[in-house]
Structures are given as structure tokens and as C-alpha cells.
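Here is the structure we will look at.
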Amino acid sequence: MDAVTAAARAQGDVSRVPAAVAADGVEVLDTRLGETADSVWMRLRLRVPGGVRCREVIVLGERGVEIGSRRVDC
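Note that the working numbering has the sequence shown beginning at 113, numbered continuously upward.
What follows is the structure, encoded as C-alpha cells:
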């Protein structure tokens with residue numbers, strides 16, 4: 113999640129976050145803009161020691177960058 117956070121903070125526009133995250137080696141399985149133009153939802157596949165893990169991530173750009181995530185089935 114550190115790579116996701118760094119990529120999100122480096123972007124000036126949340127719609128560019130999925131491409132930036134994928135460039136850091138995280139597989140973006142699904143993405144959509146939130147109800148407001150300053151949020152984006154992503155489903156990510158991450159390679160971790162011992163396997164693969166998927167997470168649903170929301171990036172909010174209202175006040176700086178806020179990121180929340182939860183583990184989901186791949």
C-alpha cells in the first residue's frame with residue numbers, strides 16, 4: 113500500500129491515479145470514478161511474500177490525499 117499511497121500523492125488529478133499505480137507494478141483489475149470527481153475506486157492485485165492478495169482501494173482528493181482500503185477476494 114505504500115506504493116499506492118506514493119503514486120496517489122504524486123498525481124494532481126485522481127483520474128490519473130490508476131495508471132500511476134499500475135506503473136509501480138501493481139495490477140489494477142478494475143477502476144471507476146466515484147460519485148464526486150475527486151475520488152477513484154480501484155480493485156488491485158498485489159504480489160506479497162507467499163502469494164497474491166487483492167484489495168479494494170478508494171483514493172479521495174478532497175483534502176490532500178486520503179486513502180482507504182480493505183482486503184477482498186481475488
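Note that CB positions come from ideal geometry on N, CA and C, so glycine has one too.
key: Whole-angstrom distance between residue 162 and residue 146, CA atom to CA atom   = Mapped onto the sequence shown, residue 146 falls at position 34. Mapped onto the sequence shown, residue 162 falls at position 50. So the alpha carbons of these two residues sit roughly 32 Å apart.
ask   = Would you call the CB atoms of residue 170 and residue 151 closer than 8 Å?
value = Walking along the sequence shown from the start, residue 170 turns up at place 58. Walking along the sequence shown from the start, residue 151 turns up at place 39. It is a contact, given that the beta carbons lie within the stated cut-off.
query = Between the Cα of residue 183 and the Cα atoms of 142, 128, 168, 159, which residue gives the shortest distance?
reply = To locate residue 183, count along the sequence shown from 1; it is residue 71. Of the candidates 142, 128, 168, 159, the one whose C-alpha sits nearest the C-alpha of residue 183 is 168.
ask   = Candidates 125, 185, 124: which alpha carbon is nearest residue 156's?
value = Here residue 156 corresponds to residue number 44 of the sequence shown, with the count starting at 1. Taking only the C-alpha atoms, the option nearest residue 156 is 185.
task = Have a look at 176, 137, 154, 142 and flag the residue whose alpha-carbon is nearest the alpha-carbon of residue 160.
result = Counting from one through the sequence shown, the residue named residue 160 turns up at place 48. When only C-alpha atoms are compared, the closest one is 137.
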